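K.L.:
Residue numbers (the UniProt record's numbering): 1 to 194.
Positions of the beta carbon are idealized from the N, C-alpha and C atoms, including for glycine.
Remember, it's a predicted structure, so these values are computed and weren't measured experimentally.
Encoded as structure tokens, here's the structure I'll be asking about.
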Ligand code: SF4
């Protein structure tokens with residue numbers, strides 16, 4: 001792999017969700033819509049244009065492109081809020097709070113990029129979940145930072161390797177748009193019969 005290739009943050013989310021999903025998307029270029037993807041795209045339309053607006057003491061920068069030369073990752077943050085010189089990265093997600101911790105890794109990866117770009121410390125970020133209309137505050141603890149950096153390294157080193165087996169997580173598989181391509185139940189059945 002070209003070491004200078006930057007891993008997109010969205011793939012970091014895919015990696016944490018399921019390494020097989022990461023492989024299907026990243027290595028094989030597979031892509032599929034399901035109701036979750038279509039709804040997410042629809043709800044996301046308000047933050048898909050780059051821009052800036054002022055809300056009281058807060059300035060909101062939408063759709064910000066960031067990267068980290070140290071970790072070789074890049075991507076777009078849905079919004080960065082600035083209040084009293086404190087930057088807060090914000091992601092907008094279709095699902096419910098705490099459904100998938102992979103969102104935390106994506107947000108933390110975005111914060112690491114933003115810290116490198118601005119030279120400031122970013123102690124926390126927020127994820128807005130449309131399904132229950134709640135904002136979850138995610139503290140960028142040293143444990144989360146370390147786990148995020150390890151996930152970036154693991155995802156990058158998995159590139160060019162073998163396709164991972166399906167994960168044992170029926171709820172994730174049920175929500176996964178690649179289920180009909182991945183065929184997790186069929187693969188598991190075949191593996192048991194071999
Ligand atoms: S269907 Fe399940 S095993 Fe297959 S890619 Fe999706 S989450 Fe992973």
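(1) Are the Cβ atoms of residue 148 and residue 105 separated by less than 8 Å?
(2) Mind listing, in chain order, the residues whose beta carbon lies closer than 5 Å to a non-hydrogen atom of the ligand SF4?
(3) Examine the Cβ distances between the region 151-171 and the region 132-142 and report whether three or more of them are shorter than 8 Å.
(4) If I measure Cβ to Cβ from residue 82 and keep anything under 6 Å in the same chain, skipping five residues before and after, which residues do I get?
(5) Between 184, 180, 161 and 159, which has its C-alpha nearest residue 170's C-alpha?
(6) Going by DSSP, what residue range makes up the beta strand (DSSP E) through residue 87?
(7) Could you pull the start and end residues of the alpha helix (DSSP H) that residue 111 belongs to?
(8) What do you reckon, are the CB atoms on residue 13 and residue 102 nearer than 8 Å?
(9) Quick check: the Cα distance between residue 9 and residue 112, rounded to an integer number of angstroms?
(10) Contact between the region 165-182 and the region 113-132: three or more CB pairs below 8 Å?
(11) In the DSSP assignment, what are the bridge partners of residue 68?
(12) Buried or exposed for residue 2, please, with buried defined as at least 16 other CB atoms from any protein chain shown within 10 angstroms of its CB.
(13) Could you compute how far the alpha carbon of residue 177 sits from the alpha carbon of residue 24?
P.N.:
Put simply:
(1) Position 148 of the chain shown, counted from the start, is the residue given in the question as residue 148. Position 105 of the chain shown, counted from the start, is the residue given in the question as residue 105. A contact, by the Cβ cut-off of 8 Å.
(2) 18, 20, 21, 166, 167, 172, 173, 176, 178, 179, 182 and 184
(3) no
(4) Taking the first residue of the chain shown as 1, we reach residue 82 at position 82. Excluding residues within five positions, the ones whose Cβ falls inside 6 Å are 59.
(5) For the purposes of this step, residue 170 is taken as the residue at position 170 of the chain shown. Nearest of 184, 180, 161 and 159 to residue 170, Cα basis: 184.
(6) Along the chain shown, one-based indexing puts residue 87 at 87. 86-93 is the span of the beta strand (DSSP E), which, as asked, contains residue 87.
(7) As a position in the chain shown, residue 111 is number 111, starting the count at 1. Here the alpha helix (DSSP H) through residue 111 covers 102-118.
(8) As a position in the chain shown, residue 13 is number 13, starting the count at 1. As a position in the chain shown, residue 102 is number 102, starting the count at 1. Yes; because the gap between Cβ atoms is below 8 Å, this pair is in contact.
(9) Here residue 9 refers to the residue found at position 9 of the chain shown. Here residue 112 refers to the residue found at position 112 of the chain shown. The alpha-carbon atoms of residue 9 and residue 112 are separated by roughly 11 Å.
(10) no
(11) Counting from 1 along the chain shown, the entry for residue 68 is found at position 68. Per DSSP, 73.
(12) Indexing the chain shown from 1 puts residue 2 at position 2. Caution is warranted here: a pLDDT of 48 is assigned to residue 2, below 50, making its placement in the model unreliable, and no coordinate value can be reported.
(13) Taking the first residue of the chain shown as 1, we reach residue 177 at position 177. Taking the first residue of the chain shown as 1, we reach residue 24 at position 24. Cα to Cα, residue 177 sits roughly 11 Å from residue 24.
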